[in-house]
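Student: The structure follows.
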DNA sequence: GAGCACTGC
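Numbering (full-length UniProt numbering), first residue to last: 1 to 679.
Okay, here's the thing in structure tokens:
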């Protein structure tokens, strides 16, 4: 049985999984447990969802799709699968539950197994990437959405399942929408398969419209609303819009601290820079007032786990904690004890632009759904308050929700998946929210250039099928495929693993530490660029015994490096066993590695124009080197390939590698005989 | 001399 130690991290396991103390846990039903002393059965009986049990079961008997609407805290995720089991649904096939995140998947399965007085892996199991607890006895199966999607490749009609529950469907992640689109197809072919969609209020009618089809004599789906168990949150708005929400946040914290009874504060800002700016300002206020009963802590993604832990400590009696956070606190991390929320009203979103094949990163007003989610963070322990730094009429005119990820993303991965599932005409696939046709066409072009599809749009053999099966971006897969032929697959696999994880470079909160961090990172830098630098970081990490001390010394994020190691192992096994890619090290032949990178990313090349700026080789678009890149401070190379293109103040290239012009015709003659003619 | 929110196979 998995034994979970509270708060601290077992070195040999995924820290995100082990740390189930409640800190990273965000599956709602059991976070705040007012009935801790009751027996498990009694607790289950007291959950808000209990009184809907018979209704849920009735609906499932009579409709193919049931949409369960309700706020968090009702017990949907843990109880519904058990009700189904208790009433015999497991005899018709597996009861599958998909979750958007790994941690929630594992936590939920553990909790349900515990409620049933069993070990996880008996009647209740889970599957996430790298971890699996299943047996022949398992009837209730928690899994991430990506796992279900992979299973579809082997079993397109999901014949082992009798019921599928899509949890947190309102989040509308890329994978959620893929799963929903494919399930719609399956439901029409398998009338004995049932689907339960668990969603927040705002999207309920959207789902019932999506799950209806002509020709059926009665409604396919039914909606059922479940009350939650949140405390009331009082909302406050500004009378006038504010010009500077960072400053307004700080002033609100300050006023609130003086007037309101004790209780911790959580403030949402859009990025690391704003968080640090607010942190400085607030510390100035504190210093000038000589108050010592306000403790301010930052929270954003690129902090180390150690630094992040500060937000979970309970302040001493009489001291109020203020957490200044990015969106990380909206869904991913639940901070205990919050009573007051301050919502700046903005969020940073990434949006794909097919014209330049780049992502743009923009700060936009939050959606109503987000504003409600943020406010909800104040009502978990007792009635709370939210201070919205915008007017009531601004709130009323907010969009109900952010466009789903599917409409804002690069599509080549999704297109490959669908092709592999035999969906020929992607443009006619029934997506819950169809992506812009331009995005699909741009993906098709990319895949054609990579030789993954032919002129008819069919997957090629072996490249297309390989790219569809490998669990990462098409260009990285192509690079892996070529590396087997070139003899540098060891190095390329490391680079892929490092590019898959969130940044391994930590960005500590204090200015002084940031400076030291920059100097420490220079230790790994090389003239060939960012990818070879990542290779160096990884190699050094392994050589130094993969210790936290090493990471601390060089300002690296242990959890991300650790994850890169896991990914690398999985990838190595996959490449070797399943795809028969020979595993070789080129033993320090950096040029070979760079050439191999070029073979994957040959469509993303820039050359140095005589005016001193870079231009994209195929379009002539002006590009700049991102300040995060190692090449930013080095003399400009003639030719570079980039893995990412980001539009902010300019079009920036990131994750760069220096290449030689002649490699292009060597590794991609089909592409470069014509494009180079333009110059 | 500019600045990346978050998640997943």
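Ideal placement from N, C-alpha and C gives every residue a C-beta, glycine not left out.
1. Could you tell me which uninterrupted alpha helix (DSSP H) segments, each at least 4 residues in length, are contained entirely in the region 339-413, listed from first to last along the chain?
2. Hey, residue 220 and residue 63: beta-carbon distance below 8 Å or not?
3. At the level of alpha carbons, what is the spacing between residue 33 and residue 75?
4. Sort 557, 42, 629 and 133 by Cα distance to residue 307 and report the nearest one.
5. Along the beta strand (DSSP E) that carries residue 184, what are the first and last residues, could you check?
6. For residue 543, name the three-state secondary structure that DSSP assigns.
7. Could you check whether residue 342 and residue 265 sit closer than 8 Å to each other, using their CB atoms as the reference points?
8. Taking the beta carbon of residue 502 as the centre, do at least 16 other beta carbons fall within 10 Å, making it buried, or is it exposed?
9. Looking only at its own chain, which residues have a Cβ that is under 7 Å from the Cβ of residue 528, when we skip the five neighbours before and after it?
10. How is the beta strand (DSSP E) around residue 320 delimited, first residue to last?
11. Measure the beta-carbon distance from residue 599 to residue 482 and round it to whole angstroms, keeping in mind my assumption that it falls under 8 Å.
12. Which partner residues of residue 298 appear in the DSSP bridge assignment?
13. Rounded to a whole number of angstroms, what is the C-alpha to C-alpha distance between residue 229 and residue 47?
14. Could you work out which residue in 282, 571, 532 and 86 is closest to residue 249 when comparing CA atoms only?
15. For residue 505, which beta-bridge partners are listed by DSSP?
16. Taking the alpha helix (DSSP H) that residue 199 falls in, what are its first and last residues?
17. On the criterion of 16 or more Cβ atoms from any shown chain inside 10 Å, does residue 382 qualify as buried, or is it exposed?
18. Under three-state DSSP, which class holds residue 464?
19. Can you say whether residue 350 is buried or exposed, counting buried as having 16 or more other CB atoms within 10 angstroms of its CB?
20. With a 10 Å radius around its C-beta and 16 neighbouring C-beta atoms as the bar for buried, classify residue 82 as buried or exposed.
21. In whole angstroms, what separates the C-alpha of residue 416 from that of residue 448?
22. Using C-beta distances below 7 Å, list every residue in its chain close to residue 538, excluding the 5 sequence neighbours before and after it, in chain order.
23. Residues bridged to residue 652 by DSSP?
24. Taking the alpha-carbon positions, what's the residue 257 to residue 247 distance?
25. Using only the alpha-carbon positions, how far apart do residue 294 and residue 313 sit?
26. Report yes or no: do three or more beta-carbon pairs, one from the region 161-175 and one from the region 92-103, lie closer than 8 Å?
27. On the three-state DSSP scale, how would you describe residue 335?
28. Kindly provide the ranges of any alpha helix (DSSP H) runs that are 4 or more residues long and lie completely inside the region 583-627, ordered along the chain.
29. Less than 7 Å between the CB of residue 396 and some heavy atom of the ligand NAP, yes or no?
30. Would you tell me roughly how many angstroms separate the C-alpha atoms of residue 315 and residue 329, rounded to the nearest one?
31. Write down the C-beta distance between residue 724 and residue 530 rounded to the nearest angstrom, noting that I regard them as a contact closer than 8 Å.
32. Residue 221 lies in the alpha helix (DSSP H); which residues open and close that run?
33. Scan the region 108-145 and note each continuous beta strand (DSSP E) run of 3 residues or more that stays entirely inside, going in chain order.
34. Is DSSP giving residue 285 helix, strand or coil here?
35. What's the call for residue 252, buried or exposed, on a 16-neighbour Cβ count within 10 Å?
Tutor: According to the structure data:
1. 368-376 and 392-396
2. yes
3. Any reading at residue 33 must be qualified, since the residue scores a pLDDT of 49, below 50, and its modelled position is unreliable; the value itself is stated next. Each residue's alpha carbon lies about 11 Å from the other.
4. 557
5. Per DSSP, residue 184 belongs to no beta strand (DSSP E); it is in the alpha helix (DSSP H), 174-189.
6. helix
7. yes
8. exposed
9. 590, 594, 657 and 658
10. 320-325
11. 4 Å
12. 324
13. 8 Å
14. 282
15. 556
16. It is not in any alpha helix (DSSP H) - residue 199 instead sits in the beta strand (DSSP E) that spans 194-199.
17. exposed
18. helix
19. exposed
20. buried
21. 11 Å
22. 494, 498 and 564
23. 624 and 646
24. 15 Å
25. 14 Å
26. yes
27. coil
28. 590-601
29. The ligand NAP is absent from the structure shown, which contains no ligands of any kind.
30. 19 Å
31. Because the chain spans 1 through 679 in this model, residue 724 falls outside it and cannot be assessed.
32. That residue, residue 221, is in no alpha helix (DSSP H); its beta strand (DSSP E) goes 221-226.
33. 124-128, 131-133 and 140-144
34. helix
35. buried
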